Amino acid sequence: MRTSLRRSCNACAKAKHSCDLGTPKCSRCLKRKVTCIYANVPLSSSSTTSSSTPEQPARSGSIEKSEVKAYSLKSRNLDSASQDSMELFAPAGNSFDPFDSYPATRLPRVHVQRLIQHFLSNISFQYYPLDLNMSSNPFIVSWWPLALADPALFHVSIQTASLDEERRAQKGFPISELLMVDSVSLIRKKIGSSLLAIQDETLNSVVTLAAIEHGKGNIEASRAHIDGAKRIVGIRGGLDQVKQVSPLTARMIAWVSLLVTGCPQYAIQDDLGIGDGVGPTLQWLLASSFLEAQDPVVDALLLDREVADILTRLRGIFHQPNALSLLGTELHDLTCFVVHKLLLIPPLQNSPQSECLRCAITLYMLIIHGTTYYTHTELANSIIQRLKSQLQPLAGKTGSVFFGSLQIWVLSVTIVSATDPTDIQWLIYAAKIAANAMGLQCWDDVVVHLQNILWLETERAEVFRQQWEAILT
20 MRTSLRRSCN ACAKAKHSCD LGTPKCSRCL KRKVTCIYAN VPLSSSSTTS SSTPEQPARS
80 GSIEKSEVKA YSLKSRNLDS ASQDSMELFA PAGNSFDPFD SYPATRLPRV HVQRLIQHFL
140 SNISFQYYPL DLNMSSNPFI VSWWPLALAD PALFHVSIQT ASLDEERRAQ KGFPISELLM
200 VDSVSLIRKK IGSSLLAIQD ETLNSVVTLA AIEHGKGNIE ASRAHIDGAK RIVGIRGGLD
260 QVKQVSPLTA RMIAWVSLLV TGCPQYAIQD DLGIGDGVGP TLQWLLASSF LEAQDPVVDA
320 LLLDREVADI LTRLRGIFHQ PNALSLLGTE LHDLTCFVVH KLLLIPPLQN SPQSECLRCA
380 ITLYMLIIHG TTYYTHTELA NSIIQRLKSQ LQPLAGKTGS VFFGSLQIWV LSVTIVSATD
440 PTDIQWLIYA AKIAANAMGL QCWDDVVVHL QNILWLETER AEVFRQQWEA ILT
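When we follow our numbering, the leftmost residue of the sequence shown carries the number 20, and every step to the right adds one.
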């Protein structure tokens with residue numbers, strides 16, 4: 020068992036009574052003749068070090084151990100003995116303090132506490148900027164309590180803080196590498212247990228390691244972690260089943276898997292919310308009513324049916340007066356579903372306007388969504404390369420004023436998304452040609468065309484304005 024952060028059995032904790040930590044039963048449970056269960060090994064106030072070994076849980080007959088073992092074999096072949104040298108800096112008093120009570124590490128106490136502080140005050144909001152409230156940010160209220168009780172997730176979590184510190188210092192990554200060794204060792208031990216392998220904590224740890232490895236350029240190791248997470252999700256009955264138990268875990272798995280591989284790793288539910296995979300939001304389901312009426316803009320663009328349906332629904336959602344009320348998880352869930360849906364559509368080579376919209380809507384959703392869990396820069400850059408090949412055919416489209424609006428909208432979204440200087444220069448040149456051809460002279464001229472296609476007045480709108488003012492001067 021792990022060392023407990025709660026100094027009581029489950030029954031005493033629930034009743035909010037003090038517990039004398041007696042084994043196999045505490046005195047209160049013995050007197051009441053009830054089951055006495057310790058979630059973890061009790062941690063007495065007098066202990067200073069501990070090196071407990073995780074108890075082997077009963078094997079579940081419904082789980083094929085070979086499925087999770089396949090992931091374990093793909094993990095790094097690291098020395099499992101590293102766990103034996105870990106030390107626990109136990110608290111001196113009985114009061115709970117997240118800076119005193121935490122799983123074993125090989126780092127000095129003061130270093131661990133600094134990383135904890137950095138994770139809670141900085142990393143949590145880097146990972147989830149959609150909620151900047153400490154009382155509701157999911158990485159603080161949901162993730163961190165799990166990390167304090169799970170050595171693998173704790174190591175992975177403070178490793179993210181260490182990477183951020185060492186990246187800023189630019190003096191190498193010695194602490195992060197040590198934590199990586201121990202993180203992988205701890206995860207491999209969990210994967211060896213059919214019960215521990217499918218925990219939310221394990222999935223959180225594995226998908227975070229995938230992001231870390233991808234960020235370091237270790238693409239093969241990152242992919243192995245993603246494949247391992249997919250096997251675990253499959254054992255648990257699919258992504259929707261995981262989301263019912265832990266929405267944060269399901270959201271992070273689907274999104275990070277997409278970002279580090281560059282393509283969807285999970286299917287989507289249909290537009291009625293039926294099936295397994297990434298599901299539609301309530302806003303998306305309600306937006307089906309917009310499909311019943313003809314949309315003159317969508318009709319004029321002669322789009323592929325699937326792309327037309329997506330654009331129609333999003334126009335219905337974003338062009339409503341209360342559109343800015345889409346915040347936090349609602350915006351993330353909508354973005355995750357729409358991006359998966361768009362990227363699962365095969366390239367539409369015979370319809371440049373449809374292919375441009377397929378790519379550009381994906382980029383636009385990433386723009387208004389912002390960076391969450393992990394950077395989407397690599398995914399955006401790959402989409403930009405696909406889109407550039409279709410811009411010339413799109414420029415040749417005539418027959419409706421809305422083709423001009425579409426060209427300006429696609430160029431605007433692509434310029435704001437681009438990070439490569441060569442791409443930016445190429446796109447700005449194309450935008451200047453289009454602006455001259457259409458007689459655009461100021462931002463007010465441009466924004467009319469953006470609103471013709473798809474527009475949400477967020478703080479990111481300022482970036483569009485700045486780009487166009489530079490183009491038009």
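By construction, the Cβ of each residue, glycine as well, lies at the ideal position given by its N, Cα and C atoms. All values derive from a computational prediction rather than experimental measurement.
Residue i - partner residues in DSSP beta bridges
i    : result
S396 : According to the sequence displayed, residue 396 carries Thr and not Ser. In the DSSP output, where bridge partners are listed per residue, T396 has none listed.
T381 : Paired residues: none, contrary to the question.
T391 : Y393
Proximal residues to residue i (C-beta, below 6 Å), its chain only, five neighbours per side dropped
i    : result
G423 : M457
S27  : C38
V482 : V435
T477 : I387
L554 : The shown model of the chain, from 20 to 492, leaves out residue 554, and the question about it has no answer.
T354 : M384, H388
Limits of the unbroken alpha helix (DSSP H) element including residue i
i    : result
M153 : From DSSP, M153 is part of no alpha helix (DSSP H); its letter is neither H nor E.
N471 : 462-472
K50  : 46-51
R186 : 170-188
G234 : 219-234
W274 : 266-280
L350 : 347-362
W428 : 420-436
R250 : 238-254
S204 : 193-210
A489 : 480-491
C31  : 29-34
D442 : 440-457
Y146 : 143-146
Cutoff 8 Å: residue i Cβ touching any chain C Cβ
i    : result
T492 : As a matter of chain content, chain C is missing from the structure shown, which is built from one protein chain.
Residue i beta carbon near the ligand SAH (any heavy atom closer than 7 Å)
i    : result
H359 : Because no ligand of any kind appears in the structure shown, any question about the ligand SAH cannot be addressed here.
Own chain residues within Cβ distance below 7 Å of residue i, not counting five before or after
i    : result
E488 : W462
K249 : Q284
L475 : F337, A342, I387
S401 : G281
Y383 : V432, L473
C45  : C28, C31, C38, D39, C55
H351 : L149, R270, H388, T391
I245 : A229, S276, V279, T280, Q284
S241 : A229, E232, H233, V279
Contacting residues, own chain, Cβ-Cβ under 8 Å from residue i (five flanking each side not counted)
i    : result
P148 : G389, T390, T391
- Run through the stretch 287-341 for me and flag every whole alpha helix (DSSP H) of 4 or more residues, listed as ranges in chain order. 301-305, 315-319, 324-337
- Task: For the stretch 156-170 and the stretch 256-263, state whether three or more C-beta atom pairs, one from each stretch, are separated by less than 8 Å.
- Result: No, the stretch 156-170 does not touch the stretch 256-263.
- Item | Meets three-Cβ-pair contact criterion under 8 Å: the stretch 282-289 and the stretch 305-323 | no
- Counting Cβ pairs, one atom from each stretch, are 3 or more of them under 8 Å apart for the stretch 198-213 and the stretch 144-156? No, the stretch 198-213 is not in contact with the stretch 144-156.
- Query: Three or more C-beta pairs closer than 8 Å, one from the stretch 135-144 and one from the stretch 321-336: is that the case here?
  - Reply: no
- Is there contact between the stretch 299-306 and the stretch 248-256, where contact requires at least three CB pairs shorter than 8 Å? no
- Touch check for the stretch 318-327 and the stretch 430-449: three-plus C-beta pairs under 8 Å? no
- Message: Does the contact criterion of 3 or more C-beta pairs under 8 Å hold for the stretch 174-184 versus the stretch 216-234?
- Response: Using a C-beta cut-off of 8 Å, the stretch 174-184 makes contact with the stretch 216-234, since at least three inter-stretch Cβ pairs fall below that distance.
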